[in-house]
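Asks: Each residue of the sequence shown is one higher than the one before, starting from 1139 at the first, in our numbering.
Can you read through this structure? Questions will come right after.
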Amino acid sequence: MRTITFIGNGNMGLSIAKGLKGKYHIEVVGRNRDNMHEFEKALGQKIDKSLIDNFDITRKTIVLCVKPSNVEEVSKKLHGKADLLVSVLAGVPVKTLKKYLKPKSVVRCMPNLAASVGKSMTTLTGDEKGREEATVILNAVGDTLWLETEKELDIATGLAGSGPAYLALIAEAFADGAVKQGLKREYAMATMRGLFAGFGELIQDIHPAELKDTVMSPGGTTAAGYGALEDGNVRAACIDAIEQAYEKAKELSS
Ligand SMILES: NC(=O)c1ccc[n+]([C@@H]2O[C@H](COP(=O)([O-])OP(=O)(O)OC[C@H]3O[C@@H](n4cnc5c(N)ncnc54)[C@H](OP(=O)(O)O)[C@@H]3O)[C@@H](O)[C@H]2O)c1
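Spelled out as structure tokens, the structure:
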């Protein structure tokens, strides 16, 4: 079984590791043994755990899962040249990763939290040499899409990487709206969850505008609710959310 080495044992590392469970031998490198133990417990699979100080990454396939601001600090604790570095870090460019970690090849990817249930939409870009292996790794946690430029990856970060948080806001607000009108909380939550499950499948094959037109009959309930969303500038706020996330990615990369 091939070994994948995770540097960082937080939420995203665990989400990806869950998708790889049973398919790869997993090694985790961190700074705190208790946290790595928690990672192993949450994963439910035996892993190798190593402290980061002076850890040798020579010829390894690394999945880097620390925060963007940790790169320099982490790089000082490692030695050797990894074969492939797959970075999940938002906004950290290939050239910065090469400068600090000096791997043979680098692929940046942007998964989302759905990796933990094998349903991440992950965008990737970077060295062509690492493309095949990185794509195989990320395909184990959902769908992948290779992009041509880092600019595209930074834009896609705001869509698929941050998207679960945006949709969570919508999901919670719709359920709150139903409760406000008198639906019991448990019924509102169950209805909202069913809505998202069905919508997730429908949107794979239908253009959003066509889907909306199909649901909206003249003068009906959907038209009334839809008008309220337009009055609340939801469309403009969504477009702005992607712009702000992209601006933040650019800020992190400079
Ligand atoms: N969460 C998401 O939905 C999402 C989506 C796409 C991409 N990302 C990217 O994923 C990355 C990680 O996010 P996260 O949500 O997993 O963060 P997190 O839960 O805070 O995990 C960060 C990990 O980095 C470790 N770390 C920090 N400094 C370290 C050091 N000097 N040496 C060793 N380990 C160190 C932390 O170790 P300790 O356990 O010891 O604190 C922790 O395990 C970010 O760069 C983010 O841009 C996240």
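Backbone N, C-alpha and C define an ideal beta-carbon position, used for all residues, glycine too.
Just so it is clear, the structure is predicted and the values come from calculations on it, not from any experiment.
For T1329, count neighbouring C-beta atoms within 10 Å of its own C-beta (all shown protein chains included) and say buried if the count is 16 or more, exposed if not.
Replies: As a first step, residue 1329 must be located in the sequence shown, where it is residue number 191. Its Cβ having fewer than 16 others within 10 Å, T1329 is exposed.
Asks: Assign A1362 to one of two classes, buried (16 or more other C-beta atoms within 10 Å of its C-beta) or exposed (fewer than that).
Replies: Within the sequence shown, the letter at position 224 stands for residue 1362. Classification for A1362: exposed.
Asks: Between the alpha carbons of K1198 and E1266, how many angstroms are there, rounded?
Replies: Numbered from its first residue, the sequence shown carries residue 1198 at position 60. Numbered from its first residue, the sequence shown carries residue 1266 at position 128. Cα to Cα, K1198 sits roughly 18 Å from E1266.
Asks: Tell me whether A1205 counts as near ligand 1, meaning its Cβ is closer than 7 Å to at least one heavy atom of that ligand.
Replies: Here residue 1205 is taken as the residue at index 67 of the sequence shown, counted from 1. Note that residue 1205 corresponds to Lys in the displayed sequence, not to Ala. Yes, Cβ of K1205 sits closer than 7 Å to a heavy atom of ligand 1.
Asks: Using DSSP with H/G/I as helix, E/B as strand and the rest coil, what is I1195?
Replies: Working through the sequence shown from its first residue, we reach residue 1195 at position 57. Note: I1195 maps to coil in three-state DSSP.
Asks: State the CB to CB distance for the pair L1202 and A1272, rounded to an integer number of angstroms; the pair is presumed to be in contact (CB under 8 Å).
Replies: Numbered from its first residue, the sequence shown carries residue 1202 at position 64. Numbered from its first residue, the sequence shown carries residue 1272 at position 134. L1202 to A1272, Cβ: 12 Å. No contact.
Asks: For G1296, tell me which candidate among M1327, A1379, K1242, P1241 has the shortest Cα-Cα distance.
Replies: Against the sequence shown, residue 1296 aligns to sequence position 158. When only C-alpha atoms are compared, the closest one is A1379.
Asks: Just the Cα atoms here: how many angstroms apart are I1200 and K1386?
Replies: Start at 1 with the first residue of the sequence shown, and residue 1200 comes out as number 62. Start at 1 with the first residue of the sequence shown, and residue 1386 comes out as number 248. For I1200 and K1386, the distance between alpha carbons rounds to 25 Å.
Asks: On the three-pair Cβ rule with 8 Å, is the stretch 1277-1285 touching the stretch 1171-1186?
Replies: Flag = no, the stretch 1277-1285 and the stretch 1171-1186 do not touch.
Asks: May I ask whether a heavy atom of ligand 1 can be found less than 7 Å away from the beta carbon of N1192?
Replies: By 1-based counting over the sequence shown, the position of residue 1192 is 54. No - ligand 1 has no heavy atom lying nearer than 7 Å to the Cβ of N1192.
Asks: If you compare alpha carbons, which of I1344, Y1238, N1250, V1255 is closest to E1211?
Replies: Counting from 1 along the sequence shown, the entry for residue 1211 is found at position 73. Per the Cα distances, Y1238.
Asks: Answer with buried or exposed for N1149, where buried requires no fewer than 16 other C-beta atoms within 10 angstroms of its C-beta.
Replies: On the sequence shown, residue 1149 is found 11 positions in, with the first residue counted as 1. Looking at its Cβ environment, which holds fewer than 16 other Cβ atoms inside 10 Å, N1149 is exposed.
Asks: Got a sec: does ligand 1 put a non-hydrogen atom nearer than 7 Å to the Cβ of A1228?
Replies: Against the sequence shown, residue 1228 aligns to sequence position 90. Yes - ligand 1 has a heavy atom lying nearer than 7 Å to the Cβ of A1228.
Asks: For E1368, verify whether its CB is less than 7 Å away from any heavy atom of ligand 1.
Replies: The count along the sequence shown starts at 1 and reaches residue 1368 at position 230. Answer for E1368: no, Cβ out of range of ligand 1.
Asks: May I ask which residues mark the beginning and end of the alpha helix (DSSP H) holding K1179?
Replies: As a working mapping, residue 1179 is identified with position 41 in the sequence shown. That run of the alpha helix (DSSP H) goes 1171-1181.
Asks: Between the stretch 1255-1269 and the stretch 1291-1308, do three or more beta carbon pairs fall short of 8 Å?
Replies: Yes, the stretch 1255-1269 touches the stretch 1291-1308.
Asks: Tell whether a beta-carbon distance below 8 Å holds between N1250 and K1215.
Replies: On the sequence shown, position 112 is the one that residue 1250 refers to. On the sequence shown, position 77 is the one that residue 1215 refers to. Going by C-beta atoms, N1250 is not nearer than 8 Å to K1215.
Asks: In chain order, what residues of the same chain lie with their CB nearer than 7 Å to the CB of A1313, ignoring the 5 residues before and after it?
Replies: Taking the sequence shown and counting its residues from 1, one reaches residue 1313 at position 175. Once the five neighbours on either side are set aside, the close Cβ partners of A1313 are A1326, M1327, M1330.
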